[in-house]
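Q: Residue numbers (numbering that gives the first Met the number 0), protein chains in the order written: chain A, 0 to 320; chain B, 0 to 139; chain C, 0 to 489. Ideal Cβ placement from N, Cα and C applies to all residues, glycine included. Since we're looking at a predicted model, the values are computed, not measured. First the structure, which I've put down as structure tokens, then a few questions once you've had a look.
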Amino acid sequence: MPDKLKLAYFLSGGCGGCDMAIIDLSETLIDLLLHLEVVFWVPTITDTKYKDLEAIPDRFIDLGLYSGMVRLQEHEYIAKMMRRKCKVLVAYGACAALGGIPGLGNMHTREEILKTAYFDTSSTDNPEGLTPQTRCVVSGKYELTLPEFYGHVRTLQDVVDVDYFIGGCPPHHSFVRQAIPVLLFEKLPAPGSWITSGKAVCDVCDRNPVKKGEERQLIREIKRTLEGAPDEGKCLLQEGYLCLGPVTQGDCGSLCPKVNIPCMGCGGPIPGVRDFGLRAISAIAGLLSSEELVDQIPSPVKYFYRYSLPASMLRKKLGKV
Amino acid sequence: MRVWVPNIVVFACNWCTYQGADLAGSLRYSYPPSIKIIRVPCSGRIEPEFIVTALKTGADGVFIGGCHPGECHHKEGNYKAVLRFNLLKRVLKMMGVETGRLRLEWISGSDGKRFADIMTEFDKAVQKLGPNPLRSDVNA
Amino acid sequence: MKKVALKKIEISPMTRLSGQGKITVFLDEQGNVDNVFFQTVELRGYERFLQGLPIEEVPRTVSTICGVCRCVHFTAAVKAADAVYQVNPSPTARKIRELVLNSHYVEDHAAVLYALGFPDFIVGPTANPAARNLIGLIQAIGSETGKLVLKRRYTAVKVIEMLAGRPIHPVAALPGGWSKTVSEEERKEILELSNEMVELGQLTLKLFEDFVLKNKDYIELITGDVYRVVVNYMGTVDEKNRVQYYDGTQRIIDAQGNEIGRFSGKGYLDYIAERVLPWSYLKMPYLKNLGWKGVVDGPETSLYSVGPLARLNVADGMDTPLAQEAYEKMFAAFGTKPVHSVLAYHWARAIELLNAAEKVRFLASDESITHPDVRVELGAPGEGVGIIEACRGTLIHHYKTDGNGFVQEANLVVATTHNQGPVNVAVRRAAEHFIKNGKVDEGILNGIEMAYRPYDLCLPCATHVLPGQLPIQVDVYDYEGKLYKSLRNH
Ligand code: SF4
Ligand code: SF4
Ligand code: SF4
Ligand code: FES
């Protein structure tokens with residue numbers, strides 16, 4: 000019998016949701032573990048030592064999944080190490096692939112973030128006007144250090160070459176179940192591709208008017224999700240709820256529209272799109288019935304780039320960070 | 000010190016603005032040399048991605064010229080163009096890009112003079128704003 | 000640096016490689032512990048970038064603070080959104096939300112116990128660290144039992160997806176309501192699944208009793224002084240003072256068990272202040288009316304802890320029969336209340352798992368959960384506070400919005416933050432016990448880890464950073480600041 004395939008998993012600046020999506024594979028996980036050797040899965044599951052990781056020969060690991068965005072120096076260091084040790088490196092989940100929701104931090108400077116956290120929040124008690132210091136001596140004798148806080152979020156691709164991308168915040172476990180065997184045992188697409196069904200959320204959404212042989216109508220009003228209740232079975236976008244289904248990969252099976260919530264774009268851009276938010280602007284604006292509606296769209300940057308600001312051409316707010 | 004000269008990219012619809020530019024040339028209405036014209040089949044084909052790519056790769060200003068309302072050869076192309084342009088402008092503004100670097104106008108094929116005037120004006124406005132900070136060489 | 004007669008030990012734990020947490024130990028000339036600092040070294044800035052979002056989009060966005068606590072920020076935020084719009088959720092929406100949160104308790108408490116807590120006891124605290132993990136545990140309890148546990152846990156995940164749209168980072172919340180109604184078929188399915196959840200709860204308590212409570216060494220560990228931290232406690236209770244997760248009144252007791260405070264909503268500001276410390280990115284909360292007394296425990300302390308043990312300590316009981324039985328058993332075993340033993344957190348967690356499972360069953364038995372009234376008429380937007388019990392403890396979300404309901408200010412006080420003080424004390428106590436006369440060896444690592452693991456520190460939550468087996472690095476410096484010994488478990 001050939002050696003078991005080797006898997007490595009690293010969570011950096013993520014929330015652990017991508018890890019949990021693998022735990023949610025449930026019994027399948029145990030079966031999968033029978034065919035795999037988990038070289039390391041840090042920090043959630045295994046107690047693999049950092050020095051062991053460094054000692055692994057280059058290209059020893061068959062598949063590496065990296066989740067979370069890149070912010071700290073350590074994230075960057077580990078990304079580079081993963082790149083060296085893994086034959087195939089995957090940016091797994093919206094954070095790794097696109098920057099994710101924490102990437103919205105790129106709208107603000109470091110100073111703004113610190114000011115909010117340590118001065119402007121209502122329960123903050125800061126009589127001496129302190130902020131955490133990279134070096135400080137407590138009570139005149141205890142010297143403590145902290146790493147510098149960096150405001151700016153990057154994607155995995157910004158630091159190393161990435162072989163494949165998987166969208167989703169997190170990727171749905173049923174898609175993970177399909178994707179892992181593909182990555183391990185099947186003929187792979189050209190490096191740099193997304194592992195995806197290639198379909199848009201609209202393509203898998205039961206509300207899609209085109210699937211019912213109807214024509215897509217223009218949007219006559221902009222509605223927030225708290226306004227009214229969407230008509231059962233009707234396309235949310237057509238009713239004015241800003242659904243990003245037309246430009247988002249539908250590997251989730253259109254989870255949000257199923258519960259009457261517009262797609263927020265966590266699946267990542269449909270194939271061929273370089274910049275998710277810009278394509279979303281194009282698709283949504285192109286469907287508006289009048290110019291006034293443009294100004295009614297709430298918080299457009301945070302809306303169109305909810306999961307992908309660091310991966311956009313704009314990356315971060317200008318003149319700052 | 001080297002004098003800075005702006006780079007202005009003009010996406011010009013083939014059916015109107017591009018003709019206008021042509022006419023301006025043959026009638027010898029002069030417009031600044033900073034203007035670089037890219038011919039497109041319709042203003043409705045100009046994706047926000049093109050505009051931002053231009054800004055990232057060296058343009059200090061981007062101009063879009065389309066057919067007057069009702070005259071688009073692709074029915075609603077110009078109409079979609081203005082919707083996308085306005086929404087993009089909102090987003091770029093929030094991201095700290097001066098919206099003065101972006102302009103959209105309807106210029107017909109017979110508007111040679113107007114083309115030249117608007118270009119001169121836009122060039123001045125962009126000069127005033129200075130080099131575009133979004134250019135990747137500035138904003139690495 | 001000024002020369003001081005101290006040795007400095009630095010432990011860089013938390014997410015093992017990215018260093019979001021760190022413990023620094025200072026030794027005196029005799030080589031005994033002089034002081035210990037537990038630092039959090041990352042900050043993500045959610046409170047800033049939530050500004051400008053429409054409040055109804057906040058639950059779906061703020062949820063990504065933590066994917067382990069997959070439902071809690073979402074739920075606290077939507078309760079805050081209710082308050083922003085001055086409404087109570089429709090009765091049906093409330094039931095659905097409570098059912099989703101309780102399902103989350105089942106899957107999260109199970110994940111924490113099986114992936115983090117049990118490996119210490121069942122694989123053994125002195126076992127090879129490489130086996131002290133979920134994979135090792137599955138080998139210890141057998142892959143059949145392992146599969147059964149995972150399968151039953153998954154039923155809760157399934158319920159979350161069914162009702163809330165996504166299994167992780169749910170989406171179906173609306174101010175005053177829920178975006179989806181529950182069909183009668185769904186209700187029946189959930190009711191069936193809830194039986195498996197209750198079985199999981201019973202199985203888990205049994206494993207805990209068989210592997211932990213029947214082992215004399217573990218009992219000594221649990222009830223002994225090394226892992227004893229005497230502080231105040233905070234948790235949420237109903238009108239009969241029974242443990243609640245989704246809604247209720249926040250109750251605070253002192254270290255002797257006397258009630259010293261009760262609040263709800265914006266009232267948190269009267270009781271809680273978060274002290275900014277120059278040496279940690281995490282602020283340190285304390286009870287405002289007792290005043291800031293520093294990082295100390297004992298009867299005079301103004302620190303308080305939250306989470307499973309805190310909740311059981313502040314309450315008089317549980318609101319479901321099987322959990323109530325288990326509750327009585329636990330307090331009878333200790334013979335005192337409040338229980339100050341940190342390791343009892345795991346026990347309390349197992350009891351809550353069962354309680355949450357029973358609540359899911361209770362809620363799913365009620366046919367009225369299928370009513371279509373999931374939305375309500377909203378008032379004018381303003382300010383709102385949403386407080387729930389997250390699995391790891393009391394969670395407070397507070398938003399101020401403009402006239403359109405767009406967030407102008409956000410304040411989040413999370414469970415791990417509340418526990419900042421007690422964790423510092425717990426770690427110091429363990430360090431004092433294990434480090435004597437300059438003797439520092441590998442054994443102290445797990446001993447210290449076991450002091451903070453029960454709190455199930457959720458650093459993603461706290462730095463608005465990841466629970467898990469936290470890596471530790473101990474660098475021991477002699478009193479002149481020279482490196483004397485270096486130990487690490489990663
Ligand atoms: S993609 Fe979503 S689930 Fe995954 S780490 Fe990022 S925030 Fe968490
Ligand atoms: S726009 Fe949204 S609701 Fe409409 S078909 Fe696409 S995914 Fe479905
Ligand atoms: S519908 Fe959109 S936002 Fe929702 S899970 Fe799918 S891709 Fe993500
Ligand atoms: S053809 Fe000129 S704008 Fe459409």
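#1: Starting from the N-terminal side, write out each stretch of the beta strand (DSSP E) that is 3 residues or longer and does not extend beyond the region 32 to 98 of chain B.
#2: With a cut-off of 8 Å on the beta carbons, I'd call A450 (chain C) and Y280 (chain C) a contact; round off their distance for me.
#3: Strictly under 8 Å for the Cβ-Cβ distance: is L317 (chain A) near chain C by that measure?
#4: Using the rule of at least 16 other Cβ atoms within 10 Å of the residue's Cβ for burial, across every protein chain shown, is H168 (chain C) buried or exposed?
#5: Taking the Cβ atom as the reference point for each residue, do A155 (chain C) and S102 (chain C) lie within a distance shorter than 8 Å?
#6: Report the option in C:A272, C:G383, C:P284, C:T222 whose CA atom is closest to the CA atom of T335 (chain C).
#7: In the DSSP assignment, find the unbroken beta strand (DSSP E) run with M233 (chain C) in it and report its ends.
#8: Going by beta carbon distance, what residues of the same chain come within less than 7 Å of P229 (chain A), once the five residues before and after it are set aside?
#9: Closer than 8 Å, CB to CB, is V86 (chain C) near chain A or not?
#10: If the cut is a Cβ gap below 7 Å, which residues of chain A does F494 (chain C) touch?
#11: Less than 7 Å between the CB of L91 (chain B) and some heavy atom of ligand 2, yes or no?
#12: Report the neighbours of T490 (chain C) on chain A: residues whose CB is nearer than 9 Å to its CB, in chain order.
#13: Using a Cβ-Cβ cut-off of 8 Å, state whether W346 (chain C) counts as contacting chain A.
#14: R223 (chain A) versus chain C: which residues are under 7 Å apart at the beta carbon?
#15: Would you list the one or two residues that DSSP bridges to H396 (chain C)?
#16: If you compare alpha carbons, which of A:L62, A:G63, A:I77 is closest to V69 (chain A)?
#17: In chain B, which residues lie with their C-beta within 8 Å of the C-beta of R82 (chain A)?
#18: In the DSSP assignment, find the alpha helix (DSSP H) that holds T16 (chain B) and state where it starts and stops.
#19: Tell me W105 (chain B)'s beta-bridge partners as DSSP assigns them.
#20: Can you list the residues of chain C that H107 (chain A) reaches, using a CB-CB cut of under 9 Å?
#21: Can you name the residues that DSSP bridges to S66 (chain A)?
#22: Can you list, in chain order, the residues of its chain with a C-beta nearer than 6 Å to that of S66 (chain A)? Leave out the 5 residues immediately preceding and following it.
#23: Taking 7 Å as the cut-off, is the CB of V200 (chain A) close to at least one heavy atom of ligand 2?
#24: What residues from chain C crowd round I179 (chain A), counting only those whose CB sits closer than 9 Å?
#25: Over the uninterrupted beta strand (DSSP E) stretch that includes R374 (chain C), give me the two end residues.
#26: Just the chain B side, please: which residues come within less than 7 Å of V300 (chain A) by C-beta, in chain order?
#27: As an exercise, report each continuous alpha helix (DSSP H) stretch of at least 4 residues that is fully enclosed by the region 139 to 186 of chain C, in chain order.
#28: If you scan the region 201 to 287 of chain C from start to end, which runs of the alpha helix (DSSP H) of 4 or more residues do you find wholly inside it?
#29: As a quick exercise: from C:V373, C:A355, C:M233, C:P421, pick the residue whose alpha carbon is nearest that of G200 (chain C).
#30: Going along chain A, which residues have a C-beta under 9 Å from E273 (chain C)?
#31: Identify, in the order they occur along the chain, each residue of the same chain with its Cβ nearer than 7 Å to the Cβ of R151 (chain C), setting aside the five sequence neighbours on each side.
#32: Quick check on K79 (chain B) - is its C-beta less than 8 Å from some C-beta in chain A?
#33: Of all residues in the structure, which have a C-beta closer than 6 Å to any heavy atom of ligand 4, taken in chain order?
#34: Compute the minimum distance between the beta carbon of P174 (chain C) and the heavy atoms of ligand 1, and state whether it is under 7 Å.
#35: Taking DSSP as the reference, what is the three-state secondary structure of N34 (chain C)?
#36: Beta-carbon of R250 (chain C) versus every beta-carbon of chain E: anything under 8 Å?
A: On the basis of the data shown:
#1: 34 to 39, 60 to 65
#2: So it is not a contact: roughly 21 Å between Cβ atoms.
#3: no
#4: buried
#5: yes
#6: C:T222
#7: 231 to 236
#8: L235, E238, Y240, N259
#9: no
#10: What the structure shows of chain C is the stretch from 0 to 489, and residue 494 (chain C) is not part of that stretch, so it cannot be assessed.
#11: no
#12: As shown, chain C starts at 0 and ends at 489. That puts residue 490 (chain C) outside it, with no answer to give.
#13: no
#14: P53, E55
#15: C:G385, C:L411
#16: A:I77
#17: The contacting residues do not exist; R82 (chain A) stays about 21 Å from chain B at best.
#18: 16 to 25
#19: B:G65
#20: G44, R47, F48, Q50
#21: A:L10
#22: L10, G13, C17, Y91, G92, A95
#23: yes
#24: Here the premise fails: no neighbours, minimum Cβ distance about 17 Å.
#25: From DSSP, R374 (chain C) is part of no beta strand (DSSP E); its letter is neither H nor E.
#26: V90, M93, M94
#27: 142 to 163
#28: 215 to 222, 267 to 270
#29: C:A355
#30: T120, S122, T123, D124, N125
#31: E195, M196, E198, L199
#32: yes
#33: B:C12, B:W14, B:C15, B:C41, B:S42, B:G43, B:G65, B:C66, B:C71, B:H72, B:H73, B:G76, B:N77
#34: no
#35: strand
#36: The chain labelled as chain E is not found among the protein chains of the depicted structure, namely A, B and C.
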